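In what follows, a single structure is set out as structure tokens and then discussed.
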Amino acid sequence: MTSSNYLFPPSAPATLPIQGSAQLIPVHRIYCIGRNYEAHAVEMGHDPNKEPPFFFQKNAESLDVNADFPFPKQSQDVHHEVEMVVVIGKAGEAIAVENALDHVLGYAVGLDMTCRDLQAEAKKLGRPWEPGKSFENAAPCSQVVLASDIGHPSAGEISFSVNGEIRQQGDLNQLIWKVPELVSVLSNFYRLQPGDLIFSGTPSGVGPVRVGDRLEARIASVGSLSLSVVA
Ligand code: MN
0 MTSSNYLFPP
10 SAPATLPIQG
20 SAQLIPVHRI
30 YCIGRNYEAH
40 AVEMGHDPNK
50 EPPFFFQKNA
60 ESLDVNADFP
70 FPKQSQDVHH
80 EVEMVVVIGK
90 AGEAIAVENA
100 LDHVLGYAVG
110 LDMTCRDLQA
120 EAKKLGRPWE
130 PGKSFENAAP
140 CSQVVLASDI
150 GHPSAGEISF
160 SVNGEIRQQG
170 DLNQLIWKVP
180 ELVSVLSNFY
190 RLQPGDLIFS
200 GTPSGVGPVR
210 VGDRLEARIA
220 SVGSLSLSVV
230 A
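Heads up: the sequence shown begins at 0 in numbering that gives the first Met the number 0, then just goes up one per residue.
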């Protein structure tokens, strides 16, 4: 849709490349689920029992594909969280669990970069997590692999290393809320649109990154993501 009546040109949409295709996915919104692996819930000081899923958002403009991660100047403690990203390809609301995968176009490897100090302060003060979770370049992401090529992975290693040293290691089969459940629950709150992304949660082992670190994220059958932390 174009209009000659805009006061200034609208921003171009954030996009994700697709493996083996010249086409791009225009990204609509980014949702993230908190505490979706038991061991990570425990390491953050929470009850590992299954609680209703809760979501927060990152701005689509904070998506960064194949780019280095600039260390945010407002934080002293920035953590990595490796996550499988679910790419919605078909609109829907109040989607039944058994139909949910029909709405999933594909998957990617993402990092839910987190200013842990700002998040902790927000938690303490009962404020939104916004400054800790949604900041510039907060969502590095790989290219998308299509479900029509790889199916819908429900198991497989998810790992993250810093300078070649493994920091996070888990398996997609440890997701507390599975992908069909995430899509279904989220669709009860929002009208899901093609181009919506869902960051599905991180396994245990989250920790700080520093300027100069080389980061490697990997999910079996989905792909990998390599980037450096820069000043
Ligand atoms: Mn996360």
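Positions of the beta carbon are idealized from the N, C-alpha and C atoms, including for glycine.
All values reported here derive from a predicted model rather than from experimental measurement.
Measure the C-alpha to C-alpha separation of S160 and A99 and round it to an integer number of angstroms.
Position 161 of the sequence shown, counted from the start, is the residue given in the question as residue 160. Position 100 of the sequence shown, counted from the start, is the residue given in the question as residue 99. Rounded to the nearest angstrom, the two C-alpha atoms are 32 Å apart.
Tell me the residue span of the alpha helix (DSSP H) that contains G150.
Counted from its first residue, the sequence shown places residue 150 at position 151. G150 -> no alpha helix (DSSP H), and no H or E assigned at all.
Got a sec, what are the start and stop residues for the alpha helix (DSSP H) A121 sits in?
Reading the sequence shown from its first residue, position 122 is the one you call residue 121. R115 to L124 is the extent of the alpha helix (DSSP H) around A121.
Taking 8 Å as the threshold (C-beta atoms), are G91 and T113 in contact?
Taking the sequence shown and counting its residues from 1, one reaches residue 113 at position 114. Taking the sequence shown and counting its residues from 1, one reaches residue 91 at position 92. Going by C-beta atoms, T113 is not nearer than 8 Å to G91.
On the three-state DSSP scale, how would you describe P130?
As a working mapping, residue 130 is identified with position 131 in the sequence shown. In this structure, P130 counts as helix in the three-state DSSP scheme.
For S160, which beta-bridge partners are listed by DSSP?
Start at 1 with the first residue of the sequence shown, and residue 160 comes out as number 161. The partner list for S160 (beta bridge, DSSP) reads I165 and E215.
Give me the Cβ distance between G105 and V81, rounded to the nearest whole Å; I'm assuming they're in contact under 8 Å.
Residue numbering aside, residue 105 sits at position 106 when the sequence shown is read from its first letter. Residue numbering aside, residue 81 sits at position 82 when the sequence shown is read from its first letter. Not quite, the Cβ-Cβ distance comes to about 18 Å (not below 8 Å), so this is no contact.
Just to confirm the assignment: which complete alpha helix (DSSP H) runs, minimum length 4, are found wholly within the stretch 43-125?
115-124
Residues in the same chain with beta-carbon distance under 7 Å from N172, minus the five sequence neighbours each way, listed in chain order, please.
For the purposes of this step, residue 172 is taken as the residue at position 173 of the sequence shown. The answer, listed in chain order, is S153 and A154.
With 16 as the cutoff for other CB atoms within 10 Å, does Q285 come out buried or exposed?
Since the first and last residues shown for the chain are 0 and 230, residue 285 lies out of range.
Helix or strand or just coil, what does DSSP make of V178?
Here residue 178 is taken as the residue at index 179 of the sequence shown, counted from 1. V178: helix per DSSP, three-state reduction.
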